[in-house]
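Colleague: Dumping the structure here so I can ask a few things about it.
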Amino acid sequence: MKNILVTGGAGFIGSHLCTRLINDGHHVICLDNLFTGAKRNIAHLESNPNFEFVLHDVELPYETDNIDEIYNLACPASPIHYQYDAIKTIKTSVMGAINMLGVAKKTGAKILQASTSEIYGDPVVHPQVESYWGNVNPVGIRSCYDEGKRCAETLFMDYHRQNGIRIKIIRIFNTYGPRMLPNDGRVVSNFVVQALQNRDLTIYGSGQQTRSFQYVDDLIEGMVRVMNTGDDFIGPVNLGNPSEFSMLELAEKVIKLTGSSAKLQFKPLPHDDPKQRKPDITLAKEVLGWEPRIPLDEGLKHIINYFRNY
Ligand code: NAD
Ligand code: UDP
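Numbering-wise (this note's numbering), the sequence shown opens with residue 157 and increments by one.
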C-alpha cells in the first residue's frame, strides 16, 4: 500500500484517479479547494478509511512527511473556468507546482504533472509529437492556462535536474466522461447537456476545427502506467485518443445518440481557439504498451447516461 497525494482530486479526472488508486489498495489523500471540484464526485469514497479529503489551496505550502507518490492535477481546465480568474489560474499552476515539488523534495516522493496538449497552442505540426515546442500566444486570453502549464513543466524539469526529484510529465489531450460539470463549458458536456434538453447545440466558429476526444477511463489507465515506469522515464508523454473529429461531426454524433430534436446554433469563435489537435501517441505505445480502447461513440453513450441521471 502506497501513500498517494492527488491534488485536484475532487475534480472530474481527479475523482476517477482517486477511485482507481483506492481500488488498487492504496491510501489516498485528496487535496482540493473545490473551485471546480465537488464533494459529490468523491462522495462514494468518503467512508473508505483509506481515503482522506483535505480542503487546501495548492497556492499555499502543504506540510506532510510521509508520501510515496504525488499526482498534481489541481488547476481549472475548462476555458470558462480558467479565464474566470486568470491570475488565480496561473498562480495555481506555478505556485501549485512549486509547492508540490517542495513536498516531493522533502519526502522523496515521485511526482507526476498533469500537463496538457494546450502547451502546443494552435499547432502548426500535426499530429502533435512531444518534441514539438508549440505555438502559444503569450499574451492572449488562453495564456494564463497555457503558459502556466508550460512554466509548470519547466519547474518540474528544473527540480529534476537541480534536485534529483523523480518526475513524470504527461500531456493530456481533450478528455471527457462522467463527473464533468453540466456547466463545465467544454464542448462534449455542452453538447450532451444541450441535446438532452432539446436546446440547440452551440457551435463556435464554423465547427470545422478539430479535437481528438479521449474517454476518462483510458486516460486513468495511462496515468497509472506512467507513474509506474522506472525513474529513467520522465516524459513528457502524450496521453490522448488519436481519432480526430470536427465539432460539426461531434454535434452530429451527439444528436444521433441522444435522439434529440436539437439543431445547430453558430456562435463566434473564441480568440486563439486552436484549429486542429491530435496526439501522436507513438511514445506512449512504445514505453507503456498503452493505447486508448474506448471509441467516441461508446464513451459518448456513458456520458449521455450520466447526464440523463444527473
Ligand atoms: P476539473 O476542473 O474538473 O478539476 C480540477 C480540480 O482542481 C478541481 O477539483 C478544482 O477544484 C481543483 N483546483 C483548482 N484550483 C485549485 C487550487 N488552487 N488548489 C486546489 N485545488 C484546485 O478539471 P479536469 O478536467 O479534471 O482537469 C484535471 C487536470 O487535468 C488539470 O490540471 C487539467 O489542466 C488537466 N487536463 C485536463 C484535460 C481535460 O480534457 N479534461 C486536458 C488536459 C489537461
Ligand atoms: N466549442 C464549441 N461549442 C461549445 C464549446 C466549445 O464549438 O459549446 C468548441 C471550442 O471553440 C473548441 C472545441 O469546441 O474549438 C473544444 O473546446 P473545449 O473548450 O472543449 O476544449 P479546448 O478548446 O480547450 O480544447
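Quick reminder that beta carbons are idealized off the backbone N, C-alpha and C, glycines included. In this text the structure is predicted, and so the values were computed from the model without any measurement.
#1: Please name the residue or residues paired with G277 in a DSSP beta bridge.
#2: The beta strand (DSSP E) spanning N394 covers which residue range?
#3: At what residues does the beta strand (DSSP E) containing Q269 begin and finish?
#4: Using a threshold of 6 Å, is the CB atom of T358 nearer than that to any non-hydrogen atom of the ligand UDP?
#5: Can you tell me where the beta strand (DSSP E) with N228 in it begins and where it stops?
#6: Which whole-angstrom value describes the C-beta separation of T366 and K434, a residue pair presumed to lie in contact below a C-beta threshold of 8 Å?
#7: Given 8 Å as the limit, is there contact between the region 443-456 and the region 401-416, that is, 3 or more CB pairs closer than that?
#8: Kindly give me the distance between the Cβ atoms of L211 and T175, rounded to whole angstroms, as I take these residues to be in contact under 8 Å.
#9: Using 8 Å for Cβ pairs, my map puts C307 next to Y238. What's the rounded Cβ distance?
#10: What separation, rounded to the nearest whole angstrom, lies between the Cα atoms of G209 and C186?
#11: So L395 and I459 are in contact, right, with Cβ under 8 Å, and what is the actual spacing, rounded?
#12: Is it the case that the region 339-346 contacts the region 371-383, given that we only count it when at least three CB pairs across the two stretches are under 8 Å?
#13: Just to confirm before moving on: does the CB-CB distance between N204 and I236 stay below 7 Å?
#14: Is the beta carbon of L420 sitting closer than 7 Å to the one on L357?
#15: Which stretch, first to last residue, makes up the alpha helix (DSSP H) that contains L358?
#16: Name the two residues that bound the continuous alpha helix (DSSP H) containing R176.
#17: What's the C-alpha gap between I390 and Q353?
#18: Between the alpha carbons of F312 and R355, how many angstroms are there, rounded?
#19: Quick check on C186: does DSSP put it in helix, strand or coil?
#20: What are the complete alpha helix (DSSP H) segments, minimum 4 residues, inside the region 343-388?
#21: Measuring only from the beta carbon, is N330 closer than 6 Å to any heavy atom that is part of the ligand MG?
#22: Consider the C-beta atom of G469 and the heavy atoms of the ligand NAD; say whether any pair is separated by less than 6 Å.
#23: For E383 versus L268, is the C-beta distance shorter than 7 Å?
#24: With a threshold of 16 other CB atoms inside 10 Å of the CB of P362, please say whether the residue is buried or exposed.
#25: From P279 to N291, what does the alpha carbon distance come to, in whole angstroms?
#26: Would you say the beta carbon of Q239 comes nearer than 6 Å to a heavy atom of the ligand UDP?
Modeller: This is what the structure holds:
#1: N291
#2: V393 to L395
#3: K266 to T272
#4: yes
#5: E225 to N228
#6: 7 Å
#7: yes
#8: Between T175 and L211 the Cβ distance is about 19 Å, and since that is not below 8 Å, they are no contact.
#9: Their Cβ separation, rounded to whole angstroms, is 14 Å, which puts C307 and Y238 out of contact at 8 Å.
#10: The sequence given here places Phe at residue 209; Gly does not occur at that position. Those two C-alpha atoms are separated by around 5 Å.
#11: Incorrect: roughly 19 Å between the Cβ atoms, too far for contact.
#12: no
#13: no
#14: yes
#15: The identity of residue 358 in the sequence shown is Thr, whereas the question assumes Leu. Per DSSP, T358 belongs to no alpha helix (DSSP H); it is in the beta strand (DSSP E), L357 to Y360.
#16: F168 to N179
#17: 44 Å
#18: 43 Å
#19: strand
#20: 343-352 and 372-383
#21: Although the ligand MG was asked about, the structure shown includes only the ligand NAD and the ligand UDP as ligands.
#22: Summary: the structure shown does not reach residue 469, with the chain confined to residues 157 through 466, and so no result is reported for it.
#23: A small fix is needed here, since residue 383 is Met in this sequence, not Glu. A contact, by the Cβ cut-off of 7 Å.
#24: It is Ser, not Pro, that sits at residue 362 in the sequence shown. Classification of S362: exposed, given that the 10 Å Cβ count is below 16.
#25: 6 Å
#26: no
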